[in-house]
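Single-structure report; data block below.
In the numbering used here, the protein residues as written are 13 to 378.
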């Protein structure tokens, strides 16, 4: 109902059935329950269920719990908190017309901050890791705050429901006015036309094209103690997704993602000496095909990895994985990835399984 109430308040300013342009809802209350974005903190720590990061519309606030076996065969657990600070703190004061016509507002609202911490849970890796990430979104065709047809439909529903509502007394108190608006908002939220509009928008938006750039410094404690934390380099990456817009058969069912990432001065567990680490630079480039619908998404990805350790020979190898994303309930998603690596110098075939529950703050969706 948080998404609907501003529409009702806006509709209450109707004059001769026309909605004033400056009375549209604010950007904080105009999101959809799309898949929660991959956490940059987990990505830089190598603990995202998928290697190829798909860009997605940022949430005002989201959390993720992760557990599983990482790409080096070590059991890991972690927690990440992601937010879009401007959207969270100032979104209620930014109108949709301003958002639509001012690129600077869209850039600020789409900029995300991520904080994550993980800990190894096996004898071969007892390290603790901490990361901060910043994500900058330059293109987001899935952003419902810029879809005037969708917003216009919701505003028209609010106006129609308002016109049939009992009039509000001119002497009504602020509490009575709020109750009146809330009652109407409940009717608007459950209106069949509004339900169809939100459902249609979700189905049409889940795979639209977007482009993000991220940077994330991180720290590591090899033995897991607070006193041993030291810098663990910085990662930077970019992801571009293509939603096959305008192509029948694919525009509603598929998305192709290209991803490039570089990580400097990274400390990784040494498999030959338990409890120790060595430093390396790494490069990742990959493609990921996502397919499905707004509630259930499968993916297949392939990635090329190049590592350049200090005082060791460099390596080039491949990582192949399958992934799944499932919307469990409003703003709650399960992400799972399983895959393996081949072509490393030691000849070992490594298998990893990672899963994450993700919660996002946002409106209720059908």
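Each residue gets a CB set at the ideal place from its N, CA and C atoms; glycine is no exception. These figures come from a predicted structure and were not determined experimentally.
- Per DSSP, the beta-bridge partners of residue 246 are 229.
- The distance from the Cβ of residue 300 to that of residue 311 is about 6 Å, consistent with a contact at the 8 Å cut-off.
- Out of 222, 101 and 121, the CA that lies nearest to the CA of residue 110 is found in 121.
- Within a 10 Å sphere around the beta-carbon of residue 257 sit fewer than 16 other beta-carbons, which makes this residue exposed.
- When secondary structure is reduced to three states using DSSP, residue 105 falls in the helix class.
- Taking a cut-off of 8 Å for Cβ pairs, the segment 137-146 and the segment 233-248 touch, as three or more such pairs fall below it.
- Excluding its 5 nearest sequence neighbours in each direction, residue 319 has C-beta neighbours in its own chain below 7 Å: 292, 294, 326 and 327, listed in chain order.
- Distance between residue 90 and residue 275, taken at the CA atoms: about 20 Å.
- The beta carbons of residue 47 and residue 309 sit closer together than 8 Å.
- Every unbroken stretch of the beta strand (DSSP E) spanning 3 or more residues and falling wholly within the segment 275-349 is given here in chain order: 289-304, 308-321 and 327-341.
- For residue 125, the enclosing beta strand (DSSP E) has its first and last residue at 124-132.
- Taking all protein chains in view, the Cβ of residue 366 is crowded by 16 or more other Cβ atoms within 10 Å, so the residue is classified as buried.
- Distance from the CA of residue 271 to the CA of residue 68, rounded to the nearest whole angstrom, comes to 13 Å.
- Residue 273 holds the alpha-carbon nearest to the alpha-carbon of residue 296 among 289, 278, 282 and 273.
- In this structure, residue 241 and residue 265 do not form a Cβ contact; the two beta carbons are roughly 45 Å apart against a cut-off of 8 Å.
- Take the alpha-carbon of residue 55 and the one of residue 210: they are about 31 Å apart.
- With contacts defined by Cβ atoms closer than 8 Å, residue 228 and residue 115 do not form a contacting pair.
- Distances from the alpha-carbon of residue 196 to those of 64, 170 and 333 put 170 closest.
- Runs of alpha helix (DSSP H) with 4 or more residues, each lying fully within the segment 43-76, are found at 52-56, listed in chain order.
- DSSP places residue 94 in no alpha helix (DSSP H) but in the uninterrupted beta strand (DSSP E) bounded by 87-95.
- Our two residues, residue 132 and residue 364, have alpha carbons roughly 14 Å apart in a direct line.
- Contact annotation: residue 314 and residue 335 have beta-carbon atoms that are not nearer than 8 Å.
- Bounds of the alpha helix (DSSP H) holding residue 190 are 186-201.
- Residue 154 is positioned such that its CB atom lies no closer than 8 Å to that of residue 60.
- Relative to residue 259, the option among 220, 251 and 269 whose CA is nearest is 220.
- Around the C-beta of residue 235, fewer than 16 other C-beta atoms lie within 10 Å, and the residue is accordingly described as exposed.
- Apart from the 5 residues on each side of it in sequence, residue 347 sits with its Cβ closer than 6 Å to the Cβ of 61, 337 and 368 in its chain, given in chain order.
- Counting along the chain, no alpha helix (DSSP H) covers residue 137, and no H or E run does either.
- With a threshold of 16 other beta carbon atoms within 10 Å, residue 339 meets it and is buried.
- The three-state secondary structure of residue 237, taken from DSSP, is coil.
- If you ignore the 5 residues before and after residue 192, its C-beta comes within less than 6 Å of the C-beta of 180, all in its own chain and listed in chain order.
- Beta-bridge analysis with DSSP links residue 363 to 352.
- The criterion of a C-beta distance shorter than 8 Å is satisfied by residue 124 and residue 70.
- Going by beta carbons, residue 370 and residue 72 fall outside the 8 Å limit.
- Inclusion of residue 224 and residue 148 in the CB contact set at 8 Å is warranted, their separation being smaller than that value.
- For residue 118, the uninterrupted alpha helix (DSSP H) run begins and ends at 115-121, by DSSP.
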